[in-house]
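J.: Residue numbers (the numbering used here): 2 to 482.
(1) What did DSSP end up calling residue 259 once you bin it into helix, strand or coil?
(2) Go through its chain and collect everything with a Cβ distance to residue 230's Cβ below 6 Å, but skip five positions before and after it.
(3) Along the chain, where does the beta strand (DSSP E) containing residue 460 start, and where does it finish?
(4) With a CB to CB cut of under 6 Å and the five nearest residues on each side skipped, what residues in its chain are close to residue 328?
(5) What span of residues does the beta strand (DSSP E) with residue 314 cover, start to end?
(6) Which residues does DSSP pair with residue 331 in a beta bridge?
(7) Which residue from 97, 122 and 113 puts its Cα closest to that of residue 107?
(8) In the DSSP assignment, the beta strand (DSSP E) including residue 284 goes from what residue to what residue?
(9) Within its chain, find whatever has a CB closer than 6 Å to the CB of residue 51; leave out the 5 residues flanking it on each side and keep chain order.
(10) Pair every Cβ in the region 13-24 with every Cβ in the region 62-81, then say whether three or more of these pairs are closer than 8 Å.
(11) In angstroms with no decimal places, state the Cα-to-Cα distance between residue 392 and residue 334.
(12) Taking the beta carbon of residue 468 as the centre, do at least 16 other beta carbons fall within 10 Å, making it buried, or is it exposed?
(13) Quick check on the DSSP output: the beta strand (DSSP E) that includes residue 406 runs from which residue to which?
(14) For the alpha helix (DSSP H) holding residue 1, just list the boundary residues, first then last.
(15) Do you know how far the Cα of residue 179 is from the Cα of residue 133?
(16) I'd like to know whether the C-beta atoms of residue 275 and residue 431 end up nearer to each other than 8 Å.
(17) By Cβ distance, which residues of its chain are closer than 6 Å to residue 141, with the 5 residues on each side in sequence left out?
(18) Between which two residues does the beta strand (DSSP E) carrying residue 431 extend?
(19) If I measure Cβ to Cβ from residue 33 and keep anything under 6 Å in the same chain, skipping five residues before and after, which residues do I get?
(20) Along the beta strand (DSSP E) that carries residue 452, what are the first and last residues, could you check?
(21) Express the C-alpha separation of residue 174 and residue 67 in angstroms, rounding to a whole number.
(22) Which residue wins for smallest C-alpha separation from residue 344, given the options 456, 442, 396 and 464?
(23) With a threshold of 6 Å on Cβ separation, who are the neighbours of residue 399 within its own chain once the five nearest residues in sequence on each side are excluded?
(24) Near residue 359, which residues of its chain fall below 7 Å by C-beta distance, leaving aside the five closest residues on each side in sequence?
(25) Could you pull out every unbroken alpha helix (DSSP H) segment of at least 4 residues lying fully inside the region 20-94, listed in chain order?
(26) Starting from residue 174, trace the alpha helix (DSSP H) in both directions and tell me its first and last residue.
(27) Quick one: residues in its chain with C-beta nearer than 7 Å to the C-beta of residue 83, no 5 flanking neighbours on either side, listed in chain order?
(28) Find out if the Cβ-Cβ distance for the pair residue 266, residue 257 is shorter than 8 Å.
(29) Pull up the distance between the alpha-carbon of residue 150 and that of residue 346, whole angstroms please.
(30) Can you tell me where the alpha helix (DSSP H) with residue 131 in it begins and where it stops?
(31) Taking C-alpha atoms, which residue in 320, 418, 60 and 130 lies nearest to residue 187?
(32) Could you check which residue in 389, 369 and 206 has the C-alpha nearest to that of residue 381?
(33) Classify residue 388 as helix, strand or coil using the three-state DSSP reduction.
(34) For a quick check, are the C-beta atoms of residue 371 and residue 223 less than 8 Å apart?
(35) Is residue 215 helix, strand or coil by DSSP?
(36) Within the 8 Å Cβ cut-off, does residue 23 reach chain D?
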């Protein structure tokens, strides 16, 4: 790092920065400076203004009022000042290789030998952030798992790319990573900041915020409502500052007994079983077959093209950009596409019923929008995910399959969804729920832990703990050593 970054001069400074979209004040007079060595935990509910703030810092948006400057470098542009962004919605080109994706953001890679340099740089960055990653520089991105894609995107963010990264903005960077890989990233962040860099760390996983952040900034309604050292927050006070007063500890799930469930409603070739009204969790290290098992189960039960035959299963995607959101449609159309056969009158869409359903679920699940006729992409990532939940739960399907569905959803909404799932299960609906967050898996009645594409353990009752899940995640590897 240059000397300016070693003497505490702010890397970025915002002075009464504002951003308006028509009458909407997405950012309302924010003043903030970030110095070398700081890791800022940025939290707030979906739609609080976090994305707008970081887009002003990285130059993606120009302020409507106030200023954004880069004092330490004297540069006027974020990119020249060493500001990097890794977004929650992954931006890699799927038809290009890992090294070619680095080239897109690295204008200094030129000439006949650029591919060799790109391969060396991206592998060096991957090695630094994620030791033993196993990702090849020439691998096409569309062949990577979502966790591997997230790892590549993060590695590109920290890669030199012709100049040192000085401020790296990480938006939900661990949302698709298992606990072990997430810890590798957190360790790299600590080292990066110790060496004079700075990080803005946006996450709804409070444990990670407390683990890595030196300061926590809380946003609400486009304003900073709290900015203090992490040591001055407790989990309860942080939740209260975010505006989710009274959110319960999600680990306090009431354990149900086998007698509380109905008959067995499915049994897969992978060994997964589920009974009516049961919440089944899938756990283990990311990329060990959980998502594939759910996909096989879903397609084996829904691949019928017979008109008029409603499926008994619905799917909530975690990778909403690839598998969930219909980007050209409105919020309303995305939300109600699963219930059109339920409400149709003589084969025609009942628009009034469609609107009533959308209004009901907008309120029940807390989708932050003034008008459900707005484009789906006008919503934040977390609110898009809520739309996918509404789409599934509004249907008549009795089995709900969820593939890491809470990515980018704030802590208050998570608790609301937990409660909603419990309520729906009590009516006899069955849930299969894969999550990379152990806390979520601990909400379940029964948990299948995967390792190397197979079930390594089935946990019930008091055995559903983080320690037991981690033990089962590594058990098969140790046995084969």
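Ideal Cβ placement from N, Cα and C applies to all residues, glycine included.
T.: If we stick to the structure as given:
(1) helix
(2) 216
(3) 455-461
(4) 378
(5) 314-317
(6) 376
(7) 122
(8) 280-284
(9) 43, 45, 203 and 220
(10) yes
(11) 9 Å
(12) exposed
(13) Careful: residue 406 lies outside any beta strand (DSSP E) and carries neither H nor E.
(14) The structure shown does not extend to residue 1, since the chain is modelled only from 2 through 482, so no value can be given for it.
(15) 14 Å
(16) yes
(17) 98
(18) 431-435
(19) 15
(20) 447-452
(21) 29 Å
(22) 396
(23) 313 and 430
(24) 333, 336, 337 and 373
(25) 51-58
(26) Looking at the DSSP string, residue 174 is not in any alpha helix (DSSP H), and its letter there is neither H nor E.
(27) 74, 164, 165, 166, 167 and 168
(28) no
(29) 44 Å
(30) No alpha helix (DSSP H) contains residue 131, which DSSP labels as neither H nor E.
(31) 130
(32) 369
(33) helix
(34) no
(35) coil
(36) You won't find chain D in this structure, because it holds only one protein chain.
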